[in-house]
Amino acid sequence: MSLKKFNPNDIILNTMRTHPQCEFFIYDSVVYYNNTPEQSGALSANVRNVPPGFISLYEYNIDKLNGSNNFIYPYITKDSAGASFRTAIASSSNPDVSAENEWTMDAVGDILYGSYPLSSSIKREFMSPMAGQREVMKNITYDDAEPPAVVSIEDYDYNGELQYGAPVYPHYWALKNKFNYYAARSNQYNLTGAWNGSTYEWIKDQQAINLISIPSIFYGTRIKPGSLSLKWYFSGTLAGELRDSKYNGELIQLSGSDYTSNDGKCAGVVFYEEGFIALTGSWALNEAGIPLTSSGPSSPAWIYFGAGSQDGIAQSSTGEAFNSASFNLTFKGATDTQVMTMFAHAKRGEVNYSNNPTFLQYGQDELRITSSTVYEENPNRVIASVRSSSYTNYSSSFKRQVYVSRVGIYDESKNLMGIATLSTPILKEEDEDLTFKIRLDI
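In our numbering, the protein residues as written are 1306 to 1747.
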């Protein structure tokens, strides 16, 4: 077997950017991803073993059922390297271990177990009445000889002054730096709006914010600007739509609302790189009243978009009319894949022999001499002629030709790294050149 070396111009490295589209539909506290129905298997009612609207990382444990064909799981051995699972469920010596205490409770040499499948989906967090709300703490004044008496979460400090504790909505506080950072993209990211002479246009700390979280496994490196669409449906009829039509992160309301005076308003912003949507639009889309919170019915508004997507809101805790609301979220992601393109050349006069047994005429002696000291093949074996014609009783002179079905790729040490298999073998005649284009995603 002869090997041919790639020339410098035969290998090309480039980046392929794709924009896969994702669609989520939320109805009656169930999320549907890309209109994928729940599939039942031979052993499990749900072959992927994750809830609807979730994606399964690695797609392990397909059509598995505990007790019949148990789930596979990851495991490691505790050693001095300090490796551990974030979601440990047990160990070989302690079945009650958890991710918080596995390193302190287990001994060196114990086997730590994780769990599969790992899944993810979009999630809604409704920050009301104020996203910047913090726990208020006071402590009553006390005698130095007495320990402090804490009467409630709203206590008095030693001087009778207000003391603020931890944020009620830490995810908003974690995003405040990003709000400021993207203010150069649009003033709608500003935490405080412009001063109009008597008050500020908005103060996000004092607004109710509807935060939609999209895991990066759905969009890759970023959400493609201009591709985001949010649709609010009431009883199956479109009540309103938001789009990032300006490509700058602003979510602008389009037609569809009963109140067209609100068309063109900005109802929130999107964080393309981080995968968050922050909605602040509190105006009514129509006059209907829907139980979208546990506190009672409300008019459809963008701060209620996505109600029921992992936020604890369900028909059982709101009301029967909750299922009259449904939501659609569509966007395109951006993924960068490094691609290696290789050109394998088969020049004329080369690649003219095949290891396929049918390459030689049938019935010939394969060996000429064989003994304890000599092994010699028959040098006079005849190559089979595979030329064909659409006519009967045709005759033609012999012409050497082969069919190429595979191209092997070797490293510099002549180790086989991969095989490119053609879907249909290609005819290679001795007087022609062929080039095979091989592409590998790395």
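Don't be surprised by glycine CBs; every beta carbon is placed ideally from N, CA and C.
- Boundaries (first-last residue) of the alpha helix (DSSP H) holding His1305: The displayed coordinates of the chain run from 1306 to 1747. Any statement about residue 1305 would go beyond what the structure contains.
- Item | Every unbroken beta strand (DSSP E) inside the stretch 1536-1595 [3 residues or more] | 1542-1548, 1555-1559, 1571-1576, 1581-1584
- Query: Given a threshold of 16 other Cβ atoms within 10 Å of its Cβ, counted over all protein chains shown, does Ser1693 qualify as buried or as exposed?
  - Reply: Taking the sequence shown and counting its residues from 1, one reaches residue 1693 at position 388. With fewer than 16 neighbouring CB atoms inside 10 Å of its own CB, Ser1693 falls in the exposed class.
- Item | Contact between the stretch 1492-1508 and the stretch 1595-1611 (3+ Cβ pairs under 8 Å) | no
- Taking contact to mean at least 3 C-beta pairs separated by less than 8 Å, is the stretch 1730-1740 in contact with the stretch 1624-1639? no
- Message: Can you give me the C-alpha to C-alpha distance between Glu1451 and Gln1438, rounded to a whole angstrom?
- Response: Your numbering for residue 1451 matches position 146 in the sequence shown. Your numbering for residue 1438 matches position 133 in the sequence shown. Its pLDDT being 48, under 50, Glu1451 is placed unreliably by the model, and the measurement read from it follows with that caveat. Using only the alpha carbons, I get a separation of about 32 Å.
- What are the residues that DSSP puts in a beta bridge with Thr1642? Along the sequence shown, read from residue 1 onward, the residue named residue 1642 stands at position 337. Note: Thr1642 sits in a beta bridge opposite Met1321.
- Can you give the Cα-Cα distance for Ile1743 and Tyr1715, rounded to whole angstroms? Residue mapping note: residue 1743 aligns to position 438 of the sequence shown, counting from 1. Residue mapping note: residue 1715 aligns to position 410 of the sequence shown, counting from 1. Their backbone Cα atoms lie some 13 Å apart in a straight line.
- Query: In chain order, what residues of the same chain lie with their CB nearer than 7 Å to the CB of Lys1414, ignoring the 5 residues before and after it?
  - Reply: Stepping through the sequence shown from its first residue, residue 1414 is reached at position 109. Checking the sequence, you will find Gly at residue 1414 rather than Lys. If we look at Gly1414 and ignore the five residues flanking it on each side, its Cβ neighbours are Thr1382, Lys1383.
- Item | Spatial neighbours of Ile1724 in its chain, beta-carbon cut-off 8 Å, leaving aside the 5 residues before and after | What you label residue 1724 is simply residue 419 of the sequence shown in a count that begins at 1. Arg1711, Val1712, Gly1713, Ile1714, listed in sequence order.
- Taking buried to mean at least 16 other C-beta atoms within 10 Å of its own C-beta, is Gln1558 buried or exposed? For the purposes of this step, residue 1558 is taken as residue 253 along the sequence shown, with counting starting at 1. Label assigned to Gln1558: buried.
- Euclidean distance between Cα positions of Ser1424 and Val1355: Position 119 of the sequence shown, counting from 1, holds the residue named residue 1424. Position 50 of the sequence shown, counting from 1, holds the residue named residue 1355. Looking at the two C-alpha atoms, the distance is approximately 7 Å.
- Query: How far does the beta strand (DSSP E) with Tyr1338 in it reach, from first residue to last?
  - Reply: If you number the sequence shown from 1, residue 1338 lands on position 33. 1335-1338 is the span of the beta strand (DSSP E), which, as asked, contains Tyr1338.
- Task: Whole angstroms is fine: what's the gap from Pro1434's alpha carbon to Gly1498's?
- Result: The residue you call residue 1434 lines up with position 129 of the sequence shown. The residue you call residue 1498 lines up with position 193 of the sequence shown. Whole-angstrom Cα-Cα distance: 19 Å.
- Message: Please report the distance separating the alpha-carbon of Lys1765 from that of Gln1512.
- Response: Outside the displayed range of the chain (1306 to 1747) lies residue 1765, so it cannot be described from this structure.
- Item | Proximity below 8 Å, CB of Leu1533 to CB of Ala1583 | The residue labelled residue 1533 in the question sits at position 228 within the sequence shown. The residue labelled residue 1583 in the question sits at position 278 within the sequence shown. No, Cβ-Cβ distance for Leu1533 and Ala1583 is not below 8 Å.
- Query: For the stretch 1332-1382, which segments carrying the beta strand (DSSP E) assignment without a break, of at least 3 residues, lie completely within its bounds, in sequence order?
  - Reply: 1335-1338, 1360-1362, 1380-1382
- Task: Can you tell me which of Phe1539, Gly1573, Thr1565, Ser1540 puts its alpha carbon nearest to the alpha carbon of Glu1555?
- Result: The sequence position of residue 1555 within the sequence shown is 250, counting from 1. Ranking the options by Cα distance to Glu1555, first place goes to Gly1573.
- Message: Considering only their Cβ atoms, is the gap separating Tyr1378 from Gly1419 smaller than 8 Å?
- Response: Residue mapping note: residue 1419 aligns to position 114 of the sequence shown, counting from 1. Residue mapping note: residue 1378 aligns to position 73 of the sequence shown, counting from 1. Going by C-beta atoms, Gly1419 is nearer than 8 Å to Tyr1378.
- Candidates Gly1545, Asp1368, Tyr1577, Ser1677: closest to Tyr1524 by CA position: Stepping through the sequence shown from its first residue, residue 1524 is reached at position 219. Nearest C-alpha to Tyr1524: Tyr1577.
- C-alpha gap between Thr1675 and Glu1681, whole angstroms: As a working note, residue 1675 is residue 370 in the sequence shown. As a working note, residue 1681 is residue 376 in the sequence shown. Taking the straight line joining both Cα atoms gives about 6 Å.
- Proximity winner among Ile1514, Tyr1338, Ser1702, relative to Ile1610 (alpha-carbon distances): Translated into positions along the sequence shown, residue 1610 becomes position 305. A quick correction: the sequence has Phe, not Ile, at residue 1610. Ranked by Cα distance from Phe1610, the first of Ile1514, Tyr1338, Ser1702 is Ile1514.
- Compare the beta carbon distance of Ala1689 and Thr1663 with 8 Å and say whether it is the shorter of the two. Along the sequence shown, one-based indexing puts residue 1689 at 384. Along the sequence shown, one-based indexing puts residue 1663 at 358. Yes, the pair counts as a contact, with Cβ atoms nearer than the cut-off.
- Item | Cβ shell of Pro1325 (< 6 Å), same chain only, five flanking positions each side left out | Within the sequence shown, residue 1325 is the residue found at index 20, counting from 1. Same-chain partners within the cutoff: Gly1638.
- Proximal residues to Thr1320 (C-beta, below 8 Å), its chain only, five neighbours per side dropped: Counted from its first residue, the sequence shown places residue 1320 at position 15. Setting aside the 5 residues that flank it on each side, Thr1320 is surrounded in the same chain by Asp1641, Thr1642, Gln1643, Val1644, each with a C-beta closer than 8 Å to its C-beta; the list follows chain order.
- DSSP state of Trp1607 mapped onto helix, strand, coil: Within the sequence shown, the letter at position 302 stands for residue 1607. Secondary structure of Trp1607 (DSSP, three-state): helix.
- Kindly indicate the opening and closing residues of the beta strand (DSSP E) around Tyr1680. For the purposes of this step, residue 1680 is taken as the residue at position 375 of the sequence shown. Start and end: 1680-1682.
- Item | Member of Tyr1487, Leu1745, Thr1740 whose CA lies at the smallest distance from the CA of Met1722 | Within the sequence shown, the letter at position 417 stands for residue 1722. If you compare the alpha carbons of Tyr1487, Leu1745, Thr1740 with that of Met1722, the shortest gap goes to Leu1745.
- Task: Check the C-beta distance from Asn1374 over to Pro1422 and give it rounded, since I have them as a contact under 8 Å.
- Result: By 1-based counting over the sequence shown, the position of residue 1374 is 69. By 1-based counting over the sequence shown, the position of residue 1422 is 117. Not a contact, Cβ separation roughly 14 Å.
- Just the C-alpha distance for Leu1543 and Leu1417, rounded to the nearest angstrom, thanks. Stepping through the sequence shown from its first residue, residue 1543 is reached at position 238. Stepping through the sequence shown from its first residue, residue 1417 is reached at position 112. Each residue's alpha carbon lies about 51 Å from the other.
- Can you check DSSP and say which residues form a bridge with Phe1632? Position 327 of the sequence shown, counting from 1, holds the residue named residue 1632. Ile1331, Trp1537.
- Query: DSSP on Ala1612, reduced to helix/strand/coil?
  - Reply: Within the sequence shown, numbered from 1, the residue matching residue 1612 stands at position 307. Note: Ala1612 maps to coil in three-state DSSP.
- Message: I'd like the list of long-range same chain contacts for Ser1361, defined as Cβ closer than 6 Å, with 5 residues on each side in sequence excluded.
- Response: To locate residue 1361, count along the sequence shown from 1; it is residue 56. Closer than 6 Å at the Cβ level, and outside the excluded window around Ser1361, lie Arg1353, Val1355, Pro1422, Ser1424.
- Message: Less than 8 Å between C-beta atoms, sequence neighbours within five positions excluded: which residues of the same chain meet that for Asp1568?
- Response: In the sequence shown, the residue the question calls residue 1568 occupies position 263. Same-chain partners within the cutoff: Gln1558, Leu1559, Ser1560, Ser1562.
- Ala1651 in three-state terms, based on DSSP: Stepping through the sequence shown from its first residue, residue 1651 is reached at position 346. Ala1651: strand per DSSP, three-state reduction.
- Message: Using 8 Å for Cβ pairs, my map puts Gln1768 next to Lys1428. What's the rounded Cβ distance?
- Response: The first residue shown for the chain is 1306 and the last is 1747, placing residue 1768 beyond what the model contains.
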